[in-house]
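Here is the structure we will look at, set down as structure tokens.
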Amino acid sequence: MLIRMLPIVAAAAFIAGTASAQDMVIKIGHVGPTSGAIAHLGKDNENGARMAVDDLNAKGVTIGGKKVKFELLAEDDGADPKQGTAAAQKLVDSKVSGVIGHLNSGTSIPASKIYSDAGIPQISPSATNPKYTRQGYKTTFRVVADDVHLGGTLGKYAVKEVKGKSIAVIDDRTAYGQGVADEFEKGVKAAGGKTVAREFTNDKATDFTAILTSIKAKNPDVVFFGGMDAVAGPMLRQMQQLGIKAKFMGGDGICSGELPKLSAGTMGDGQVVCAEAGGVEGEAKKSMEDFRVAYKKKFGIEVQLYAPYVYDALNVMVASMVKAGSSDPAKYLPVLAKTSGYKGVTGTIAFDEKGDIKNGALTLFTYKGGKREQIAVVR
0 MLIRMLPIVA AAAFIAGTAS AQDMVIKIGH VGPTSGAIAH LGKDNENGAR MAVDDLNAKG
60 VTIGGKKVKF ELLAEDDGAD PKQGTAAAQK LVDSKVSGVI GHLNSGTSIP ASKIYSDAGI
120 PQISPSATNP KYTRQGYKTT FRVVADDVHL GGTLGKYAVK EVKGKSIAVI DDRTAYGQGV
180 ADEFEKGVKA AGGKTVAREF TNDKATDFTA ILTSIKAKNP DVVFFGGMDA VAGPMLRQMQ
240 QLGIKAKFMG GDGICSGELP KLSAGTMGDG QVVCAEAGGV EGEAKKSMED FRVAYKKKFG
300 IEVQLYAPYV YDALNVMVAS MVKAGSSDPA KYLPVLAKTS GYKGVTGTIA FDEKGDIKNG
360 ALTLFTYKGG KREQIAVVR
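Read in numbering that gives the first Met the number 0, the sequence shown has 144 at position 145, and its numbers run on one by one without any break.
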């Protein structure tokens, strides 16, 4: 008799430890690369999601008259499109109510079809390729500005502010890297500037001697790289070894707290100019700073890049469930699409008809003494 009761007691203890019997459990998925070269960025995103879920559960949320508990199902896509679609299918099969992710455009775009087919809302906190929200899917949203804005702004900045006369462009051939480099090049041309070289590498490369030697011969004053910090760091080291003194520019993929370490301290003060898709001004600065302090207290590390945007994305999703009185995707999706005036830690969130954030900001940064330093917020 006692032996038969043990599993029941254990099960009861397990239920008590996770959520009380009357609580309804709502599963929310998160996908990012928590393995591989940019695992530090993927973990940062996942931490933002964990923080949001923990804060919501501590506060207590009621949906449709029922007290709910949120459960985060975190998947690793390794920044690989195939792994990304497998992770997406796994979350669909697990009956999640929504997904926050993916980090990269190259994984977010193929995964978005799987979520769309299942009718599950997806909010990316960091995918910036324009195609992501231009496929006609009603389930697709993002809380940051896209590459048209980001790359174009950086291109104009390279000509007007950095005074670049001869600009070389390199990309890593990913959906993100190539996309942001294309938009940067358009921005340079629109501002009356000139690109003297367009080279490419891949997102796993570590040796850039051939392309940098070719670029050096053209004597550029600006080198733009479309890709991630794990590749940008070694590239900066090799630029120094080859005596290339050019300014180094890039998008949000390189604009992390890890870049000085990845470049092994070879970048000069003010040499790097990058942009993060997102940015806060005025009263929003305090909420962002409060988030950074709370994040460090919780995880013992600094925010890398997009954790605050993940935090806001998950909270926006839950706010629309509360407003709709349901976590059923079919019921809360129309409410999510009409999100307007939501005050998050990253500023005010409203979506347009494509699912893009309205009036998205960019923050331009440089590095001094191995620390990121804000230049300006641009809209």
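Ideal placement from N, C-alpha and C gives every residue a C-beta, glycine not left out.
Cβ-Cβ distance between residue i and residue j below 8 Å
{"i": "LEU361", "j": "GLU282", "result": "no"}
{"i": "GLY31", "j": "GLY100", "result": "yes"}
{"i": "THR127", "j": "LEU149", "result": "yes"}
{"i": "ILE356", "j": "ARG141", "result": "yes"}
{"i": "ILE169", "j": "ILE210", "result": "yes"}
{"i": "ASP53", "j": "VAL302", "result": "no"}
{"i": "ALA312", "j": "PRO109", "result": "no"}
{"i": "GLY47", "j": "ALA293", "result": "no"}
{"i": "PRO328", "j": "ILE119", "result": "yes"}
{"i": "SER165", "j": "VAL187", "result": "no"}
{"i": "LYS89", "j": "GLU74", "result": "yes"}
{"i": "VAL381", "j": "GLY250", "result": "The structure shown does not extend to residue 381, since the chain spans only 0 to 378, so no value can be given for it."}
{"i": "GLY192", "j": "GLY163", "result": "yes"}
{"i": "ALA229", "j": "ILE37", "result": "yes"}
{"i": "PHE223", "j": "ALA157", "result": "yes"}
{"i": "PHE290", "j": "VAL344", "result": "yes"}
{"i": "ASP206", "j": "GLU182", "result": "no"}
{"i": "GLY324", "j": "GLY63", "result": "yes"}
{"i": "THR390", "j": "VAL271", "result": "Since the first residue of the chain shown is 0 and the last is 378, residue 390 is not available in this structure."}
{"i": "ASN56", "j": "LYS68", "result": "yes"}
{"i": "LYS367", "j": "ASP268", "result": "yes"}
{"i": "LYS353", "j": "ARG133", "result": "yes"}
{"i": "TYR308", "j": "GLY340", "result": "no"}
Beta-bridge partners of residue i, as assigned by DSSP
{"i": "GLU74", "result": "VAL30"}
{"i": "ILE99", "result": "HIS29, ILE122"}
{"i": "LYS370", "result": "LYS367"}
{"i": "ASP170", "result": "PHE199, GLY225"}
{"i": "LYS361", "result": "Contrary to the premise, residue 361 reads as Leu rather than Lys in this sequence. DSSP output for LEU361 lists ALA276, VAL377 as bridge partner(s)."}
{"i": "PHE69", "result": "ILE25"}
{"i": "THR194", "result": "ILE166"}
{"i": "ILE356", "result": "PHE350"}
{"i": "VAL271", "result": "PHE247"}
Enclosing beta strand (DSSP E) for residue i [first to last residue]
{"i": "GLY225", "result": "221-225"}
{"i": "LYS246", "result": "246-249"}
Distance cut-off 7 Å: residue i Cβ against heavy atoms of the ligand GTP
{"i": "VAL168", "result": "Among the components of this structure there are no ligands whatsoever, and the ligand GTP is therefore not found."}
Classification of residue i by the beta-carbon crowding that lies within 10 angstroms, buried from 16 upward
{"i": "GLY264", "result": "exposed"}
{"i": "ASN201", "result": "exposed"}
{"i": "GLU280", "result": "exposed"}
{"i": "GLY226", "result": "buried"}
{"i": "THR138", "result": "buried"}
{"i": "ALA12", "result": "Bear in mind that a pLDDT of 38 at ALA12, under 50, signals an unreliable position, so the model cannot answer this."}
{"i": "ILE348", "result": "buried"}
{"i": "ARG266", "result": "It should be pointed out that residue 266 corresponds to Met in this sequence rather than to Arg. With 16 or more Cβ atoms within 10 Å of its Cβ, MET266 is classed as buried."}
{"i": "GLN237", "result": "buried"}
{"i": "LYS295", "result": "exposed"}
{"i": "LYS155", "result": "buried"}
{"i": "LYS246", "result": "buried"}
{"i": "GLN121", "result": "buried"}
{"i": "MET320", "result": "buried"}
{"i": "PRO80", "result": "buried"}
{"i": "ASN103", "result": "buried"}
Residue i in three-state terms, based on DSSP
{"i": "MET238", "result": "helix"}
{"i": "THR17", "result": "Because the pLDDT at THR17 is just 44, under 50, the model does not fix this residue reliably, and the value given afterwards should be weighed accordingly. Reduced to three states, the DSSP call for THR17 is helix."}
{"i": "ARG141", "result": "strand"}
{"i": "VAL302", "result": "coil"}
{"i": "THR84", "result": "helix"}
{"i": "VAL161", "result": "coil"}
{"i": "ILE2", "result": "With a pLDDT of only 38 at ILE2, under the threshold of 50, the placement of this residue in the model should not be trusted, and no figure is reported."}
{"i": "THR127", "result": "coil"}
{"i": "ALA12", "result": "Because the pLDDT of ALA12 is 38, which lies under 50, any placement of that residue in the model is unreliable, and the number read from its coordinates should be weighed accordingly. Three-state result, ALA12: helix."}
{"i": "THR61", "result": "strand"}
{"i": "ASP79", "result": "coil"}
{"i": "GLU282", "result": "coil"}
Extent of the continuous alpha helix (DSSP H) run through residue i
{"i": "VAL315", "result": "306-323"}
{"i": "ILE113", "result": "104-117"}
{"i": "VAL344", "result": "Counting along the chain, VAL344 falls outside any alpha helix (DSSP H), and DSSP gives it neither H nor E."}
{"i": "ILE210", "result": "208-215"}
{"i": "LYS330", "result": "328-336"}
{"i": "PRO259", "result": "258-261"}
{"i": "ASP43", "result": "38-58"}
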